[in-house]
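Written below as structure tokens is the structure these notes are about.
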Amino acid sequence: MIDISHVYKRFGLKIAVSDLSFKVQQGDILGFVGPNGAGKTTTMRLITGYLKPTEGKIKIFNENPIINRLSLLPRIGYLPENNPLPGDMTVKEYLSFIAEIKKETNLEKIMEELHVDDVYEKKIEQLSRGYKQRVGLTSALCGKPDILLLDEPTSGLDPIEQDVIKDLIKKLAKKRIVIFSTHILSEIEDVATRVLIINRGTLLFDGVKPKGKGSVETLFKKLIKKS
Amino acid sequence: MKALYKKELMQLLNSPVGYSVPIVFALFLGYLFMKDVFVIGSASLKPFFSVAPWLLFILIPALSMRSISEEKRSNTIEVLMTLPLSESTIVLSKLLSIFTLTAITLALTLSVPLVLGFISSLYIPEIIIGYIGLLLLSLLYLSFSLYISSRVSNQIASFSISTIILFLMTTLSSDFLANLFPKEVQDILLFGSPILHLDNFVKGVVDFRSLSYFILLIALFFKLTVTELQKRT
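What follows is the structure in structure tokens.
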């Protein structure tokens, strides 16, 4: 359903992604892991069509995300890195806007599930980081997307909030593809079914999550050292 | 498009710039006009239409400076660009929302012809055509400012660049600048000046060349802004 084939992305002289290839099927919870600046965010942006690849092919449900972006984007829910939100809007104004664009009729239900209804009338700039993250997730879930791309969804959250988001990812993955990026290795062990390890834009590992506590960390450290 | 237009307009109206600048603009323009009427004794709308462009090139960059550059700075542009909206829809919604506020601002200045109507007789079609000219000039300034806003990620830089270039465009028709050049260059400069084309509307004439000038430049800057968003680099 997501097919990335020999993709390169360069920003001037800097290579952000180099010869990246992988496929993702429905039901996969793909944990995308790598150090800061490894190319995780660039890959997410390439999948959404926000960035054009310099070389290579990307197919989402057999369609090109740049050429067919308007037909593909309703099927993609995206939580960008650092969750950028318009602070001057209230949660109600912002989510109503997103729901109208994505033709979501069950906004109340999603908000209830993510406990966003508690802060519905508040301005986004007044929210805690955890609530902002929930607003971003609610926005990503609007329109019942088939693919959910979450760029560091638990970044900056306290352990309780991290657990809430991790449980939610597992629940959401039953009906769709979920790709989430992180540099917290325990998250991969808790949530992912498959792991991609990337460093300096190059894919180092693509496979089923290794079993056993600390196994992802051992593998990660070994591969990063080698690269 | 309706949802994005509504959101943009709401954000504009909730911002200090959105509600203060139009009021200051209308009051200032009203004052300049009233001064002419009561101090000089001139009961004509000509001074109003000749002063308005000089204020519009400050008002419009002030209203549009945040539009795209702030979205880039805060990275909310990434959210917007990953919603199922075409680049043209995004630019058109932003353009129309600021244009709505500009039109409201110009509507506030209708008190000027109303006052004038009490003390002298007015030819209504001429006023309507004059206001259409001002709306077209506003749209031109707006599409240009929006393009500049799409090129930079700092709203102050966006405001400064737009204002300086619009100032230069506006002064193209001034005697001071035109006299510095030979006749052939003067003619080209004058044709490029939006003020010359506005003057045709102010005279109550819908000149096809002036109408085409506005429409073509508005379309050009609109297209350039859309292309800027389509780059995805």
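Protein chains in written order, with numbering that gives the first Met the number 0: chain W, 0 to 226; chain R, 0 to 232.
Note that beta-carbon positions come from the ideal geometry of N, C-alpha and C, so glycine has one too.
Remember, predicted model here, so these are calculated numbers, not experimental data.
Closer than 8 Å to chain W by CB, residue i
i	result
glutamine 154(R)	no
lysine 6(R)	yes
alanine 102(R)	no
serine 14(R)	yes
valine 78(R)	yes
alanine 2(R)	yes
Buried versus exposed call for residue i [16 or more other C-beta atoms within 10 Å across all chains shown]
i	result
threonine 217(W)	exposed
threonine 104(W)	exposed
phenylalanine 213(R)	buried
valine 111(R)	buried
lysine 93(R)	buried
glutamine 132(W)	buried
glutamine 208(R)	Position check: residue 208(R) holds arginine in this sequence, whereas glutamine was assumed. It counts as exposed.
histidine 196(R)	buried
threonine 232(R)	exposed
alanine 15(W)	buried
lysine 8(W)	buried
leucine 71(W)	buried
lysine 173(W)	exposed
isoleucine 97(R)	buried
threonine 101(R)	buried
threonine 81(R)	buried
Where residue i meets chain W, residues with beta-carbon distance less than 9 Å
i	result
asparagine 74(R)	Pro79, Glu80, Asn81, Pro83
Which residues DSSP lists as bridging residue i, in chain order
i	result
glycine 206(W)	Val194(W)
isoleucine 76(R)	Answer is none; isoleucine 76(R) lacks a bridge partner.
arginine 9(W)	Ile14(W)
tyrosine 130(W)	Paired residues: none, contrary to the question.
valine 23(W)	Ile1(W)
glycine 132(R)	None; glycine 132(R) has no bridge partner.
tyrosine 77(W)	Leu148(W)
valine 204(R)	DSSP output for valine 204(R) lists no bridge partner at all.
glutamate 54(W)	Tyr7(W)
threonine 89(W)	Lys122(W)
valine 177(W)	Ile28(W), Leu147(W)
threonine 101(R)	For threonine 101(R), which the question treats as bridged, DSSP gives no partner whatsoever.
Residue-level contact to chain R via CB, residue i, 8 Å cutoff
i	result
asparagine 147(W)	Note that residue 147(W) is leucine in the sequence shown, not asparagine. No - not a single Cβ of chain R is within 8 Å of the one on leucine 147(W).
aspartate 87(W)	yes
leucine 69(W)	yes
glutamate 188(W)	no
glutamate 124(W)	no
glutamate 92(W)	yes
Residues that residue i contacts on chain W, provided the C-beta gap is smaller than 8 Å
i	result
threonine 81(R)	Thr47, Gly48, Tyr49, Leu72, Ile75, Tyr77, Pro79
glutamine 10(R)	Pro85, Asp87, Met88
Chain-ordered neighbours of residue i on chain W, where CB pairs are closer than 7 Å
i	result
leucine 84(R)	Ile100
* Asked: For the segment 46-61 of chain W, which residues have a beta carbon sitting closer than 8 Å to at least one beta carbon of chain R?
  -> Within the segment 46-61 of chain W, Thr47, Gly48, Tyr49, Leu50, Lys51 place their CB atoms closer than 8 Å to a CB of chain R, listed in sequence order.
* Asked: Name the residues in the segment 94-115 of chain W whose C-beta lies less than 8 Å from a C-beta of chain R; which are they?
  -> Within the segment 94-115 of chain W, the residues whose Cβ lies closer than 8 Å to some Cβ of chain R are Phe96, Ile97, Glu99, Ile100, Lys101, listed in chain order.
* **Short-range partners of chain W found in the segment 221-232 of chain R, where Cβ spacing is below 9 Å** => Near chain W, meaning a CB-to-CB distance below 9 Å, the residues of the segment 221-232 of chain R are Lys230, Arg231, Thr232.
* Using a beta-carbon distance cut-off of less than 9 Å, what residues from the segment 204-224 of chain W approach chain R? -> Result list empty, no residue passes.
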